[in-house]
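Enquirer: Using our numbering, you'd call the opening residue of the sequence shown number 7 and step up by one each time. Beta carbons are placed, not taken as given, at the ideal position from N, Cα and C, and that holds for glycine.
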Amino acid sequence: MANAANGPKIVLGIDIGGTGIKGAPVNVETGELVAERARYDTPQPSTPENVAAVVRQMVEHFNWKGPIGCTFPAIVRNGVTLSAANVDKSWLNAPAEQILTDGVGQPLKLLNDADAAGLAEQVFGAAKGRQGKVLVVTLGTGIGTALIVDGKLITNTEFGHLIYPKDNIAEKYCSGKVKDDEDLKWKDFNPRLNGYLKHLDLLLSPDLVIIGGGISKKHEKFIPEMTGIRFEVVAATLQNDAGIVGAALEAAYTYGVL
């Protein structure tokens, strides 16, 4: 698949997570997936070589030729991954964008996974047209965050790694994976998330918080239960596709598709 001269502007978006790698071609003018999403398990161990092989498999699945946007669950600065919380430690300080570009043999742009979700929500979703401070919180294997201030994305925030509660880390206390691993009922999980959001309220005073990640598909189970906070909480419009869409958008900007 590739862009036709006068057809819609399509870019392949790939979202690398700690447990799964998802991807689809995206119409970057509308934010819509133009083919059914594909998903592969994140390889174990999730070394650069192993992950690059799965990304290549994704590219071949869609017979894709052209720019690729790719997310990664780490701080990404100038194509280098500066953290590795939920993936193999060999990603730490790795030239990740170059590794993946070499793996697929096509132009590839790498960015933080939550930043990609934030970008997608800003352009097409719940943050569109919103001023002030908007925080996107993705609940998955860990907790990712994206901060948007007056329409500008502030990259590589890591509020999922805040010490919360005492002697713990937020993403090891109220991520989607924690809910699953500890088999927490909503009545037990919701107070954890509520407390974390109250903590973010004290630190950031956001105007809007958007909850994304796989858990957002069941937002009616937890958003109405959030109390004692001074901001609006909504579910991500693009739900678990936000990372794919945001990755494709960033690549479209980088490589002149848009």
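Using a Cβ-Cβ cutoff of less than 8 Å, which residues in the same chain neighbour Ala-100 once the five nearest sequence positions on both sides are dropped?
Expert: Working through the sequence shown from its first residue, we reach residue 100 at position 94. For Ala-100, where only same-chain residues beyond five positions count, the Cβ hits under 8 Å are Pro-54, Val-86 and Thr-87.
Enquirer: Mapping the DSSP letters down to three states, classify Thr-107 as helix, strand or coil.
Expert: As a working note, residue 107 is residue 101 in the sequence shown. Three-state DSSP puts Thr-107 in a helix.
Enquirer: Can you grab the Cα-Cα spacing for the pair Gly-146 / Lys-183, in whole Å?
Expert: Locating residue 146 in the sequence shown gives position 140, counting from the first residue. Locating residue 183 in the sequence shown gives position 177, counting from the first residue. One C-alpha to the other measures close to 6 Å.
Enquirer: Can you grab the Cα-Cα spacing for the pair Val-93 / Ala-58, in whole Å?
Expert: By 1-based counting over the sequence shown, the position of residue 93 is 87. By 1-based counting over the sequence shown, the position of residue 58 is 52. C-alpha separation (whole angstroms): 13 Å.
Enquirer: Taking the Cβ atom as the reference point for each residue, do Thr-36 and Ala-132 lie within a distance shorter than 8 Å?
Expert: Translated into the one-based positions of the sequence shown, residue 36 becomes position 30. Translated into the one-based positions of the sequence shown, residue 132 becomes position 126. Contact: no.
Enquirer: I need the straight-line Cα distance from Ala-102 to Leu-116, nearest angstrom please.
Expert: By 1-based counting over the sequence shown, the position of residue 102 is 96. By 1-based counting over the sequence shown, the position of residue 116 is 110. The straight-line gap from Cα to Cα measures roughly 8 Å.
Enquirer: Scan the region 22–53 and note each continuous beta strand (DSSP E) run of 3 residues or more that stays entirely inside, going in chain order.
Expert: Taking only runs of at least 3 residues, the beta strand (DSSP E) segments lying wholly in the region 22–53 are 26–33 and 44–47.
Enquirer: By alpha-carbon positions, which one of Glu-38, Lys-71, Glu-66 and Ala-90 ends up nearest to Pro-51?
Expert: Taking the sequence shown and counting its residues from 1, one reaches residue 51 at position 45. Answer by Cα proximity: Ala-90.
Enquirer: Among all the DSSP beta bridges, which residues are the ones paired with Glu-231?
Expert: The sequence position of residue 231 within the sequence shown is 225, counting from 1. Answer is none; Glu-231 lacks a bridge partner.
Enquirer: Nearest by alpha-carbon distance to Val-4: which of Gly-24, Val-32 and Gly-26 is it?
Expert: Since the displayed the chain opens at 7 and closes at 264, residue 4 lies outside it and no answer follows.
Enquirer: Does the structure place the region 37–46 close enough to the region 219–238 that three or more beta carbon pairs sit under 8 Å?
Expert: Output reads no: the region 37–46 does not touch the region 219–238.
Enquirer: For a quick check, are the C-beta atoms of Ala-248 and Glu-164 less than 8 Å apart?
Expert: Walking along the sequence shown from the start, residue 248 turns up at place 242. Walking along the sequence shown from the start, residue 164 turns up at place 158. Contact: no.
Enquirer: So, are the CB atoms of Gly-135 and Ala-152 less than 8 Å apart?
Expert: Along the sequence shown, read from residue 1 onward, the residue named residue 135 stands at position 129. Along the sequence shown, read from residue 1 onward, the residue named residue 152 stands at position 146. No, these two residues do not count as a Cβ contact at 8 Å.
Enquirer: State the start and end residues of the unbroken alpha helix (DSSP H) segment that holds Thr-260.
Expert: Taking the sequence shown and counting its residues from 1, the one referred to as residue 260 is at position 254. Note, Thr-260: alpha helix (DSSP H), 248–260.
Enquirer: Could you check how far apart the C-beta atoms of Ala-120 and Val-142 are, in whole angstroms? I think they sit under 8 Å.
Expert: Here residue 120 corresponds to residue number 114 of the sequence shown, with the count starting at 1. Here residue 142 corresponds to residue number 136 of the sequence shown, with the count starting at 1. Between Val-142 and Ala-120 the Cβ distance is about 6 Å, and since that is below 8 Å, they are a contact.
Enquirer: Just to confirm the assignment, what range does the alpha helix (DSSP H) spanning Ala-122 have?
Expert: Within the sequence shown, the letter at position 116 stands for residue 122. First-last of the alpha helix (DSSP H) with Ala-122: 119–130.
Enquirer: For Asn-69, does the count of other Cβ atoms within 10 angstroms reach 16, so buried, or fall short, so exposed?
Expert: Working through the sequence shown from its first residue, we reach residue 69 at position 63. Burial call: exposed.
Enquirer: Skipping 5 residues on each side, what residues in its chain have a beta carbon closer than 6 Å to that of His-205?
Expert: Here residue 205 refers to the residue found at position 199 of the sequence shown. Closer than 6 Å at Cβ, skipping near neighbours: Tyr-170.
Enquirer: Starting from Ile-158, trace the beta strand (DSSP E) in both directions and tell me its first and last residue.
Expert: In the sequence shown, residue 158 corresponds to position 152, counting from 1. According to the sequence as given, residue 158 is Lys; it is not Ile. Lys-158 -> beta strand (DSSP E) spans 158–160.
Enquirer: Between which two residues does the alpha helix (DSSP H) carrying Lys-183 extend?
Expert: Position 177 of the sequence shown, counted from the start, is the residue given in the question as residue 183. Note, Lys-183: alpha helix (DSSP H), 182–187.
Enquirer: Would you report the Cα separation of Lys-95 and Val-82, rounded to the nearest angstrom?
Expert: Counted from its first residue, the sequence shown places residue 95 at position 89. Counted from its first residue, the sequence shown places residue 82 at position 76. Taking the straight line joining both Cα atoms gives about 14 Å.
Enquirer: Please say whether Lys-158 and Pro-212 have beta carbons closer to each other than 8 Å?
Expert: As a position in the sequence shown, residue 212 is number 206, starting the count at 1. As a position in the sequence shown, residue 158 is number 152, starting the count at 1. No. Outside cutoff.
Enquirer: Using CA coordinates, which residue listed in Asn-246, Lys-71 and Phe-195 is at the minimum distance from Gln-112?
Expert: On the sequence shown, residue 112 is found 106 positions in, with the first residue counted as 1. Of the listed residues, the one whose Cα sits closest to Gln-112 is Lys-71.
Enquirer: Going by Cα to Cα distance, which pick from Ile-149, Lys-172 and Ile-22 is closest to Ala-253?
Expert: Translated into positions along the sequence shown, residue 253 becomes position 247. For Ala-253, the nearest C-alpha among the options comes from Ile-22.
Enquirer: Please say whether Val-129 and Leu-210 have beta carbons closer to each other than 8 Å?
Expert: Indexing the sequence shown from 1 puts residue 210 at position 204. Indexing the sequence shown from 1 puts residue 129 at position 123. The answer is no: Cβ separation not under 8 Å.
Enquirer: What does Leu-206 pair with, by DSSP beta-bridge criteria?
Expert: For the purposes of this step, residue 206 is taken as residue 200 along the sequence shown, with counting starting at 1. Looking at the DSSP assignment, Leu-206 forms no beta bridge with any residue, so it has no partner.
Enquirer: Which residue comes first and which comes last in the beta strand (DSSP E) that contains Leu-244?
Expert: As a position in the sequence shown, residue 244 is number 238, starting the count at 1. Premise fails: Leu-244 is in no beta strand (DSSP E) and is neither H nor E.
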